[in-house]
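Asks: Each residue of the sequence shown is one higher than the one before, counting from 0 in numbering that gives the first Met the number 0.
A single structure is presented below for examination.
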Amino acid sequence: MKNRADSMLADLKRAGLKLTPQRIAIVREIADDLTHPTAQALFERLRTTFPTMSFATVYNTLDALAGCGLMGKLALGPDSRAVRFDPNTEVHHHAVCDGCGSVVDIPVETDEPAVLPLAATLKGFRVLREERTYRGLCDRCSRS
Ligand SMILES: [Zn+2]
Ligand SMILES: [Zn+2]
């Protein structure tokens, strides 16, 4: 069975991006990472193995994956450095901890968006998907 990294690499190649050793390493690093890391966090992890890798390479590769629909992009703050990347491309919601900044996936039972409240306020607006962010404190932060 193929793992997530392999299928993401195949998709990336199909999208016309050259699979350089650095890009392959970036994909392998994020493919099974469900912590929604920032490009900066991935860059710091990869730099130990790839001392010549630049932040731009990491960010642009993740951004290209997002542009092809192979990666979710989560802007949780106004700072572009705070953009979190998400290898889970299924429709899902997020729980964000205001204490430590951790982000956890919340699966949804149906990817049918709840159109009723919007239809009443935004005439003619067609809902394509619904992404909710729940803010609060994770288990660890609410104990301390
Ligand atoms: Zn927390
Ligand atoms: Zn997610």
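Glycine residues also receive a C-beta, built at the ideal position from the N, C-alpha and C atoms.
Keep in mind it's a predicted model, so treat the numbers as computed, not measured.
1) Should the region 91-110 be regarded as contacting the region 47-64, the criterion being three or more beta carbon pairs within less than 8 angstroms?
2) Report the option in GLY76, PRO20 and ASP5 whose CA atom is closest to the CA atom of THR37.
3) For ILE105, which residues does DSSP report across the bridge?
4) Run the CB neighbour count on ARG128, radius 10 Å, all protein chains shown included, and call it buried at 16 or more, exposed below.
5) Which one or two residues does DSSP pair with THR132 in a beta bridge?
6) From LYS122, LEU8, GLY68 and ASP32, pick the residue whose C-alpha is nearest to that of GLN21; which is it?
7) Would you check if the distance between the CB atom of ARG27 and the CB atom of ALA4 is smaller than 8 angstroms?
Replies: This is what the structure holds:
1) no
2) Your numbering for residue 37 matches position 38 in the sequence shown. Ranking GLY76, PRO20 and ASP5 by Cα distance to THR37 puts GLY76 first.
3) In the sequence shown, counting from the first residue as 1, residue 105 sits at position 106. Paired residue(s): HIS92.
4) Position 129 of the sequence shown, counted from the first residue, corresponds to residue 128. So ARG128 ends up on the exposed side.
5) Your numbering for residue 132 matches position 133 in the sequence shown. Note: THR132 sits in a beta bridge opposite HIS93.
6) In the sequence shown, residue 21 corresponds to position 22, counting from 1. For GLN21, the nearest C-alpha among the options comes from LEU8.
7) In the sequence shown, residue 27 corresponds to position 28, counting from 1. In the sequence shown, residue 4 corresponds to position 5, counting from 1. Their beta carbons are under 8 angstroms apart, which means ARG27 touches ALA4 by this criterion.
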